[in-house]
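Here is the structure we will look at.
Numbering (the UniProt record's numbering), first residue to last: 1 to 350.
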């Protein structure tokens with residue numbers, strides 16, 4: 001396949017993935033600096049902020065990791081659950097057992113989510129692994145406590161993506177698009193005047209929209225790609241999601257539907273070596289790409305967009321105009337090595 005690698009000559013799309021994990025886990029105070037113009041990077045608002053009303057959209061992504069309050073599998077499948085409940089009358093129960101039980105409960109973890117999400121105060125929040133059985137109750141705090149009064153839950157599956165947004169910050173544009181483990185939403189940022197007063201009517205918002213030189217829309221693709229040795233399916237899922245972005249951009253009459261303001265975020269279930277990440281960072285994937293010993297595609301798959309995406313954690317390449325550090329990624333201890341013994345005497349052939 002004689003395919004030239006697409007050049008990153010215009011930063012209009014950003015991928016927020018989990019394969020560049022850097023600290024800090026704590027968030028420093030945010031203080032935007034007036035942007036310094038950078039030739040060729042005038043459209044890089046997806047990773048930066050500036051003083052124009054509709055020039056940026058802040059997005060936070062969290063895999064909340066089941067269990068939710070009712071259904072669960074991940075935490076207690078991989079890690080030892082508490083041996084005793086706080087209500088146990090066993091004489092062997094100690095105060096430490098009670099503490100362990102409390103911090104492993106959904107109520108405790110939900111409070112941590114509420115605190116962290118409230119601190120960040122993003123315009124849009126993308127979740128993965130939420131349970132439809134208890135979704136409304138488990139995440140009622142998003143609207144009641146944090147003001148996220150817009151919500152879209154993925155239509156099927158045991159644990160699903162869900163996207164929340166603040167309607168005083170952004171308006172949903174068009175109907176959300178549900179594909180295989182991807183959820184696409186499009187937004188128009190509400191002006192600062194509307195945000196400050198909180199009293200703008202639908203007609204006033206329409207006038208504000210019509211008075212803008214450009215009706216700028218933001219596309220958010222919330223992904224939870226297939227886990228396990230399913231590289232081919234992950235590639236199909238992200239390819240389908242990107243096609244959905246292009247289709248929706250055409251439907252919404254973008255001037256150039258191949259160059260939308262796009263943020264891809266979520267759980268890719270793979271690192272920089274996986275085909276799905278290669279696809280969005282290079283703009284294509286070919287049959288000679290091998291993952292888990294198998295090709296991830298039988299034919300060349302190309303992104304319908306004009307440019308590949310950039311990882312938001314890749315600071316030198318994005319050249320952040322606001323001079324702030326990259327988006328924080330919460331880093332947790334790696335515990336698998338404590339559960340699996342590696343025999344270093346074995347070669348790869350063995």
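The C-beta atom is built at its ideal place from N, Cα and C for all residues, glycine as well.
Note that this is a predicted model, so its numbers are computed, not measured.
- Approximately 16 Å separates the beta-carbon atoms of residue 140 and residue 152; this is outside 8 Å, ruling out the contact.
- Under the three-state reduction of DSSP output, residue 111 falls in the helix class.
- For residue 58, same chain residues with a beta-carbon under 6 Å away, outside a window of 5 residues either side, are 122, 123 in chain order.
- In this structure, residue 182 sits near residue 221, with a CB-CB distance shorter than 8 Å.
- For residue 183, the uninterrupted beta strand (DSSP E) segment begins and ends at 182 to 189.
- Residue 215 carries a coil assignment under DSSP once its states are collapsed to helix, strand and coil.
- Between residue 300 and residue 284 the beta-carbon gap is near 6 Å, inside 8 Å, which marks them as a contact.
- Taking a 10 Å sphere around the C-beta of residue 339, we find fewer than 16 other C-beta atoms and assign the residue as exposed.
- Closest in C-alpha terms to residue 155, from the list 146, 294, 178, 303, comes 178.
- Looking at the backbone, the Cα of residue 293 and that of residue 242 are separated by about 25 Å.
- Under the DSSP assignment, residue 240 falls in the alpha helix (DSSP H) whose first and last residues are 231 to 251.
- Cβ contact annotation for residue 291 (same chain, cutoff 7 Å, sequence separation greater than five): 231, 274, 275, in chain order.
- In terms of Cβ geometry, residue 270 and residue 128 do not form a close pair [threshold 8 Å].
- The Cβ neighbour count for residue 186, taken over all protein chains shown within 10 Å, is at least 16; the residue is labelled buried.
- Counting other Cβ atoms within 10 Å of its Cβ, residue 261 reaches 16 or more and is therefore classed as buried.
- Beta-bridge annotation (DSSP): residue 61 is paired with 126.
- Residue 154 sits in coil when the DSSP states are folded into three classes, being neither helix nor strand.
- Residue 217 is positioned such that its CB atom lies closer than 8 Å to that of residue 254.
- One Cα belongs to residue 248, the other to residue 145, and the distance between them is close to 32 Å.
- Note on geometry: alpha-carbon atoms of residue 189 and residue 169 lie some 6 Å from one another.
- Here residue 138 is near residue 69, since their CB atoms are less than 8 Å apart.
- DSSP places residue 278 in the uninterrupted alpha helix (DSSP H) bounded by 275 to 282.
- In the three-state reduction of the DSSP assignment, residue 310 falls in the strand class, which pools E and B.
- Residue state for residue 121 is assigned as coil, using DSSP reduced to three classes.
- Less than 8 Å divides the Cβ of residue 125 from the Cβ of residue 164.
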